[in-house]
Structures are given as structure tokens and as C-alpha cells.
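Which chain is which? The protein sequence lines are A and B, in order. All letters in the first sequence, in the order written, are residues 36 to 443 by the numbering used here. All letters in the second sequence, in the order written, are residues 36 to 443 by the numbering used here.
Number of protein chains: 2
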Amino acid sequence: MKDVLKKYAELLVFAGGNVQKGQPVVIGGNVNDAEFIRMVQSAAYDAGASEVAVDWQDDEITRTTYLRAADEIFETYPDWRVDRFKFYDDRGTVYLHISSSDPDMLSGVNPERIKTLTKVSRQKLKPHSTLTMSNALRWSVLAVPSAKWAKKVFPNLPQDDAVQKLWQAILKAARADGENPITDWKKHRENFTERKNFLNSKQFAKLHFANGLGTDLFVGMPKNHVWIGGGDVGQDGVDFFPNIPTEEVFSAPDRNNVNGKVVASMPLSFQGNLIEDFSIVFKDGRAVEYHAKNNEEILKNIIEMDDGSHYLGEVALVENSSPISQMGILFYNTLFDENASSHLAVGKAYPNCVKGGNDMSEEELKAAGINDSIMHVDFMFGTADMQVVGISEDGTETLLMQNGEFVF
Amino acid sequence: MKDVLKKYAELLVFAGGNVQKGQPVVIGGNVNDAEFIRMVQSAAYDAGASEVAVDWQDDEITRTTYLRAADEIFETYPDWRVDRFKFYDDRGTVYLHISSSDPDMLSGVNPERIKTLTKVSRQKLKPHSTLTMSNALRWSVLAVPSAKWAKKVFPNLPQDDAVQKLWQAILKAARADGENPITDWKKHRENFTERKNFLNSKQFAKLHFANGLGTDLFVGMPKNHVWIGGGDVGQDGVDFFPNIPTEEVFSAPDRNNVNGKVVASMPLSFQGNLIEDFSIVFKDGRAVEYHAKNNEEILKNIIEMDDGSHYLGEVALVENSSPISQMGILFYNTLFDENASSHLAVGKAYPNCVKGGNDMSEEELKAAGINDSIMHVDFMFGTADMQVVGISEDGTETLLMQNGEFVF
């Protein structure tokens with residue numbers, strides 16, 4: 036197992052963030068994962084990192100803070116935290132994140148507190164998120180199991196077995212259970228080429244999504260949109276994989292040209308709360324109606340965070356036969372669940388989803404239909420009976436997905 | 036054990052830092068001690084803390100950084116770190132620290148790196164250390180065992196037994212093994228009153244230390260010096276215990292009036308390196324000669340860090356019969372070992388060791404004989420045959436300690 040974990044750590048450093056000689060690295064992760072985080076640190080120095088700092092988190096400390104700290108703690112985001120990001124951003128740092136949090140970490144916490152802190156922190160960290168979302172900085176996220184997360188995914192197993200089983204599922208989903216995961220990921224990248232080329236050459240004006248769950252949605256696409264998949268490329272030309280695993284091809288919708296209803300096909304775990312059985316109605320791009328059976332308040336906080344969070348920032352196609360989908364496991368973690376299902380995101384779009392987008396001003400991006408927000412939250416709507424049709428400028432229809440599978 | 040730990044956490048919060056309603060708290064500690072740190076966080080909220088933040092450390096991450104990071108990482112101390120202290124200092128934060136580090140954590144690390152970073156960090160954090168050393172902020176340190184520390188103290192025991200035994204030793208030394216440690220500590224404070232009153236009324240001009248190990252040292256005392264012991268009082272009048280345990284009465288020497296030779300009676304664990312078998316010769320207050328059998332380079336870095344680190348900043352009297360001394364355990368941790376033995380510190384003195392010192396400017400303190408430095412490093416020289424004589428202004432001699440015990 037130690038050898039497998041070492042390879043997994045190396046996958047994050049050499050393929051995920053693709054750390055280059057002389058670059059600083061910041062690792063974000065939980066104190067309970069210290070052993071794996073130390074392996075990532077060592078791998079990053081092997082890659083030639085100039086410095087590897089760790090930004091430690093602890094689920095229980097965070098939860099207790101939300102439950103017991105004074106109100107004013109959530110109303111401001113200290114400048115020194117902003118300056119810390121700026122310090123590392125200015126040095127071209129690679130950000131690596133190890134996800135392991137309990138999907139229910141913040142259940143029962145006053146949603147107002149979460150909303151308030153999310154708003155002030157994302158507003159103040161906008162310069163940082165602009166750099167990561169435009170690939171001026173490279174970053175990568177992977178996951179390791181925590182006891183609570185494992186029990187959420189496998190509630191009927193004893194804790195140790197649940198953790199063991201979640202490890203197996205994660206490593207399999209992440210294509211990190213082979214002899215040489217880094218080589219496997221290079222091949223994985225190439226598999227997306229044909230699919231991306233087809234979609235990019237077609238330049239559909241709209242996509243129409245429909246299924247038996249009730250989704251009936253027209254998603255307009257901006258002129259010169261770009262489909263991305265199988266990893267990304269930094270502004271310096273260095274390849275990286277923001278997400279491990281990744282099975283999607285994605286682009287940005289035209290923010291003002293989305294109409295119809297989308298019904299979520301999986302619960303959404305957002306900041307330690309689970310939003311279940313929800314749907315959103317869009318009119319001219321804007322979310323005008325939404326409902327959730329559980330945690331509608333959290334969904335409200337996401338959608339109504341700012342103006343841009345009422346609009347879509349991502350549309351992603353994932354086959355129902357994707358390896359992660361076929362595992363049949365609900366991970367309660369977007370990193371995995373988004374790779375089991377076609378999905379959308381409300382909030383900010385990746386600027387490189389339109390040609391030349393990384394060089395456009397905020398105004399130019401908006402004019403091109405590329406949405407902006409302090410939020411970017413994915414949610415799943417793909418199903419085994421999903422049908423997707425591409426509609427060209429002249430009205431020609433091309434069937435893209437039938438029963439959840441690509442047909443081109 | 037869980038109940039004992041809860042009481043120990045409460046001792047740190049309610050007696051050590053004496054957290055008051057509405058105060059922020061910052062806990063510094065190691066990721067391996069997360070379980071205890073979470074207990075401290077809860078206790079701090081019980082005390083009414085407005086916020087409890089954790090500043091996480093990890094011995095292995097720190098060691099790997101020292102061994103593998105680029106040179107320039109040690110040459111600067113980022114402003115955002117300074118601003119973080121300022122942010123919390125401005126809010127009257129109580130700083131709690133949980134010590135558990137491996138005494139050999141940095142063994143084999145290039146001493147130049149440690150020296151360089153110590154120098155830049157302490158220079159930039161001077162405003163913060165001035166606040167803590169003048170009791171403008173309250174702070175408290177206690178210890179919990181780590182596996183490596185326990186094996187250092189009890190090398191012949193299996194690891195789990197060593198940890199268990201170090202827990203027992205720590206809790207006993209910290210007077211935290213009774214039914215109500217907080218009450219025990221209130222009584223403990225009172226025991227120092229008579230001793231402090233005697234020494235403060237006598238206002239000796241000099242103390243003469245001599246023993247068979249080779250120590251023969253005259254320590255001049257400044258006019259209006261104050262002996263402190265059994266805890267301290269913040270500038271706001273709130274009691275606190277900076278150290279758990281504490282068995283010493285201490286004051287500040289006259290920085291320019293120390294003459295003779297001191298021979299250390301215990302090794303000194305400094306930032307993960309063990310300095311052994313060392314002695315220092317002082318002339319008119321200044322260390323003019325020093326030797327160590329092991330890690331003389333580290334001793335050199337301490338003494339030659341700045342001008343003030345050549346002078347003494349603390350003289351502390353501890354009986355050879357002190358409970359910690361009687362345990363006969365070498366802890367390799369100053370928090371414990373300094374309470375088993377009379378000791379000195381090179382570097383900065385506590386300003387409140389002279390009457391009105393907290394209101395004096397840097398120049399006034401220096402004129403009063405109170406030393407300043409970016410360092411403050413305690414080292415032990417008390418022995419079972421130590422003799423201490425107080426010499427009054429008029430030359431009258433009063434025997435203070437004979438065979439390591441107080442005789443007044």
C-alpha cells in the first residue's frame with residue numbers, strides 16, 4: 036500500500052500540478068491526512084520545488100468554529116490571508132489540494148454563517164481565483180478517504196473496511212491503481228482529442244438536453260467556444276490536470292442564452308452540507324426558480340450569492356458508461372460524482388472556454404457570453420436515459436448523446 | 036484518560052492563558068496532537084472565546100523543509116506572517132502552545148539555515164515578542180508526548196509504553212494528575228509568595244553561584260529588580276501561567292554586571308538540536324568564551340545571534356528537591372528541565388523584572404540594566420551541590436541555597 040500511495044502522491048505532483056524545477060508548492064489538506072501530505076511534500080521536492088508549504092485544515096476545528104465562534108468572525112476575511120495567497124501567487128506557485136472532508140461536516144450549521152463567510156472570502160480572493168481559473172497558475176486536486184467520508188459512502192461497513200473500500204474506489208476512479216499511473220494519465224489525455232476536435236469544429240449554437248427525470252434544457256453556446264477535456268494547459272504552456280480523476284469534456288455556456296428546466300440526478304455536497312432532489316428553471320440564462328427537498332436554503336445561498344451565480348459557467352458531457360459511473364458508487368464528493376455524470380456549474384466560467392479568453396478583460400468576457408461570479412459550483416444532471424442534441428446556427432440537429440452515451 | 040486530558044486542556048485555557056469572555060485564542064501545535072488540540076479549542080469556547088484559530092505545525096514537514104528547500108526560503112520572513120501576528124495581537128489574543136516536538140527534530144540540518152531563519156523571523160516578530168514578554172498579551176505553554184520525544188526520554192521502552200510513561204511524567208510534573216488541577220494551581224501560586232517577598236525585600240546587589248561542576252559566577256542584579264514566580268499577571272491585571280509546569284522564581288540580571296564561569300548541568304534542546312556539556316565565561320556581562328562537547332555550532336548561533344544574545348536576560352532559582360527534579364527524568368525539553376534546576380537565559384529579559392519596566396522605553400530598560408535581544412534561551416546549571424549567596428550593596432552575605440536547597 037505504501038508503494039501505491041507513493042505513486043499516487045507522485046501522480047498529483049508530476050502529472051496533476053506538473054511541478055517544475057524552482058517552483059514553490061502549497062499543499063492544502065487535512066491534519067488527519069498528514070502521512071499522505073508528507074509523501075506529497077517529498078514528491079514535490081523530488082520534482083525540484085523551491086519550497087513546499089502546507090496549509091492545514093481540520094474538519095472538526097472548522098465545524099466547531101462555525102458552531103461556536105462569534106458572529107463577527109464570519110463577516111470579515113483578514114487581509115493577511117489575502118496577502119498570503121498574493122505572496123505565493125506572485126511566485127508562480129503550484130497549488131495542490133488533498134480532499135477528504137466529511138460530506139456532512141457542516142450539517143446543522145446556520146447557513147447564514149456559511150453564506151456570509153463564503154461571500155466575503157470569495158470576494159477578497161477573486162484575484163487569486165482569476166489566476167487559477169485562467170490557468171495563469173497550475174493547480175490540482177485529488178482525494179484520500181477520511182473515516183467519516185468512508186462511512187457516508189459505505190454506511191453498512193465497519194469503519195476500517197469502509198476506509199479500505201473507499202481507498203480502492205478512489206484509486207480505481209483516479210486511474211492510480213496501475214503499475215505506472217503517470218504513463219496511464221498521459222494516455223488518458225490523448226483519448227479526449229477526437230471528442231474535443233469534433234465538438235470544437237461543429238461549433239454548435241445550442242445543446243438540447245432531455246431525459247425522463249424532467250430535464251428539458253436548451254444551453255446556448257458562445258461564438259468561438261472551446262471544449263476542453265483530458266487535462267488543461269497552463270498559460271506558460273505546461274500541461275496539467277486540475278482534477279484527478281477527470282472524465283469530462285466541458286465548455287462555457289452563453290450566459291444569457293439558457294432556457295428550460297434542469298433536474299439534478301445526484302445530491303450535491305457543498306461545504307459540508309448535502310443538497311438533495313433539486314431542480315432549477317432558467318430563463319434567458321438566469322435561474323428564475325429552484326427547489327430542493329433537502330437543504331434548499333443552501334441551494335439558495337449558492338444561487339443568490341451574487342448576480343453571476345444566477346447564471347451558468349460550465350456545461351460538461353460525461354458518458355453514462357464512464358468508469359466512475361460504472362462503479363455505481365455515490366461518492367458525495369464533486370471530484371468523483373461530476374465524472375460519473377454530465378453536469379453544469381452555476382457561477383464563474385473558465386475564460387479559456389472561449390478563444391483568446393485568457394487575454395480578454397472582464398467586459399470583453401461578459402460581451403462574449405462568458406459568465407463571472409465569486410462562485411463556481413458543479414451539479415450533476417446526467418442519467419442513463421439522457422439525450423443530447425447539438426443544434427447548429429442554421430438549425431441542423433446532430434444527435435450527440437443517446438441513452439447517456441456519445442453517438443458521434 | 037479522556038477525562039484527564041479534558042482537565043489538562045481546561046488547565047491550559049482557564050489557568051494557563053486564563054481566557055476571558057470575548058477574547059480570541061490562537062493555539063499553536065502539531066498535527067499529530069489534533070485530538071488534544073480539539074479539546075483545547077472546545078475548552079476555549081467554554082471560556083467564552085470569540086474565535087479559536089489553530090496554527091498547525093508538523094515536525095516532519097519542518098525537517099524536510101530545512102533539508103530540501105531552496106536557500107532563499109530561509110533568508111526572508113514573509114510580511115503576511117508578521118501581519119497575521121499583528122492581526123491577532125491587535126485583538127488582544129491569548130496564545131496557547133502545545134509542545135510535543137522531537138528534541139532531535141533538526142539534527143543534521145545545516146545550522147546556518149536555522150540561524151538565518153531564526154534571525155530574520157525574530158527580528159520581524161520583535162513587536163509581537165515585546166507584547167508577550169511585557170505581559171501586554173497572555174500566553175501559556177504546556178506539553179503532550181510525541182512518539183519520537185517519548186523514545187528519546189525512555190529509549191529502552193517499546194514506543195507505546197514510552198508514550199504512556201511520558202504522559203504520566205508530564206501530567207505529574209504539570210500537577211495535572213489530581214481531581215481538580217485548576218484548584219491545585221491556585222494553591223501552587225500562593226506557595227511562591229513568601230519566597231518572592233523575601234528576595235524582593237532583600238534587593239541583593241549580586242548573587243554568587245558555585246558548585247563542584249565548575250560554576251563560579253557572580254550575577255549582578257539591577258536596582259529595583261523584581262522576583263517573579265508562580266505565574267504572572269497581565270497588564271490588564273488578569274493572572275496567568277506562561278508555563279505549565281512552573282517551579283521557579285526568576286528575575287533579570289544586570290546585563291553589564293555578570294562575571295565568571297557557568298557550567299551547564301543538563302543538555303539544552305534548541306530547535307531540534309541537542310547542545311551537550313557546555314560552559315560559558317562572562318566578563319562585564321558579556322559572554323567572552325564558550326565551549327560545547329556536542330553542537331558547539333548551535334551554541335555559537337544562539338550566543339552570537341545579535342549583540343544582546345551575548346548577555347543574560349534571566350536568572351532563576353529552582354530547588355534540587357523540586358518535584359520535577361525529584362522525578363529524575365531528563366525531558367530534553369526546557370519547559371520541564373528548567374523546572375528541575377536553577378537556570379539562566381541568554382538574550383531578552385522580561386521587562387517586568389524591574390519595577391515599572393513595562394512602561395519603560397527600550398533606552399530606559401537598557402539604562403536600568405535590562406537586556407534586549409531577539410533571543411531568549413534558557414539553560415540549566417543547578418546541581419545537588421549548588422551554593423547560592425546573596426550579596427547586599429554593603430557587602431553583607433546571605434546564604435540563599437545550600438546543596439541545591441533554599442535555606443532562608
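All residues carry an ideal CB built from backbone N, CA and C; glycine is no exception.
Start-to-end residues for the beta strand (DSSP E) that takes in residue i
i	result
Glu432/B	Glu432 to Gln437
Pro59/B	Pro59 to Asn65
Ile133/B	Val129 to Ser134
Tyr123/B	Premise fails: Tyr123/B lies in the alpha helix (DSSP H), Asp114 to Asp125, not in any beta strand (DSSP E).
Trp174/B	Trp174 to Ala178
Glu399/A	Segment Glu397 to Ala402 is the alpha helix (DSSP H) holding Glu399/A; no beta strand (DSSP E) there.
Ser360/B	From DSSP, Ser360/B is part of no beta strand (DSSP E) but of the alpha helix (DSSP H) over Pro358 to Met362.
Trp91/A	Glu86 to Gln92
Ile426/B	Gln422 to Ile426
Beta-carbon separation (whole angstroms), residue i vs residue j, contact threshold 8 Å
i	j	result
Lys296/A	Leu252/A	6 Å
Ser357/B	Asn368/B	Going by Cβ atoms, the distance from Ser357/B to Asn368/B rounds to 16 Å, so no, they are not a contact pair.
Ala287/A	Ala384/A	4 Å
Ser344/A	Ala104/B	So it is not a contact: roughly 39 Å between Cβ atoms.
Asp420/A	Gly247/A	5 Å
Gly264/A	Phe227/A	4 Å
Trp220/B	Phe276/B	7 Å
Sub-7 Å separation of residue i and residue j beta-carbons
i	j	result
Ser181/A	Ser142/A	no
Gly425/B	Asp289/B	no
Gly269/A	Asn170/A	yes
Glu428/B	Ala240/B	yes
Tyr101/B	Ser156/B	no
Met410/A	Met362/A	no
Pro138/B	Ile333/B	no
Leu352/B	Ser377/B	yes
Thr99/B	Gln76/A	yes
Pro59/B	Thr128/B	yes
Phe109/A	Thr151/A	yes
Closer than 7 Å to chain B by CB, residue i
i	result
Val144/A	no
Trp174/A	no
Ala375/A	no
Gln58/A	no
Pro113/A	yes
Ala185/A	no
Thr99/A	yes
Gln76/A	yes
Ile364/A	no
Asp342/A	no
Arg446/A	Any property of residue 446/A remains undetermined from this structure, which presents chain A solely from 36 to 443.
Bounding residues of the alpha helix (DSSP H) (the contiguous stretch that carries residue i)
i	result
Val39/B	Lys37 to Glu45
Ile279/A	Per DSSP, Ile279/A belongs to no alpha helix (DSSP H) and is neither H nor E.
Ile108/B	That residue, Ile108/B, is in no alpha helix (DSSP H); it is neither H nor E in DSSP.
Met415/B	Not the alpha helix (DSSP H): Met415/B falls in the beta strand (DSSP E), residues His411 to Met415.
Chain A within 7 Å of residue i, Cβ atoms only
i	result
Thr369/B	no
Ile149/B	no
Glu95/B	yes
Tyr80/B	yes
Ala69/B	yes
Trp220/B	no
Trp91/B	yes
Ala331/B	Looking at the sequence itself, residue 331/B is Glu, so the reference to Ala does not match. Chain A contact via Cβ: absent.
Glu45/B	no
Glu86/B	yes
Arg103/B	yes
Ile133/B	no
Asp118/B	yes
Ile108/B	yes
Arg321/B	no
Neighbouring residues, chain A, relative to residue i (Cβ below 8 Å)
i	result
Ser181/B	Ordered by position in chain A, no residue passes the 8 Å Cβ test against Ser181/B, which lies about 12 Å from the chain.
Contact set between residue i and chain B, taken where Cβ atoms lie within less than 7 Å
i	result
Phe122/A	Pro113 and Trp115
Where residue i meets chain B, residues with beta-carbon distance less than 8 Å
i	result
Arg157/A	Here the premise fails: no neighbours, minimum Cβ distance about 19 Å.
Check: residue i C-beta below 6 Å from any heavy atom of the ligand PLP
i	result
Val155/A	This structure simply doesn't include the ligand PLP, nor any ligand for that matter.
Chain-ordered neighbours of residue i on chain D, where CB pairs are closer than 7 Å
i	result
Val66/A	Among the protein chains of the structure shown, namely A and B, there is no chain D.
Contacts of residue i in chain B (Cβ-Cβ under 9 Å)
i	result
Arg126/A	Correct list: empty, because the minimum Cβ distance to chain B is about 10 Å.
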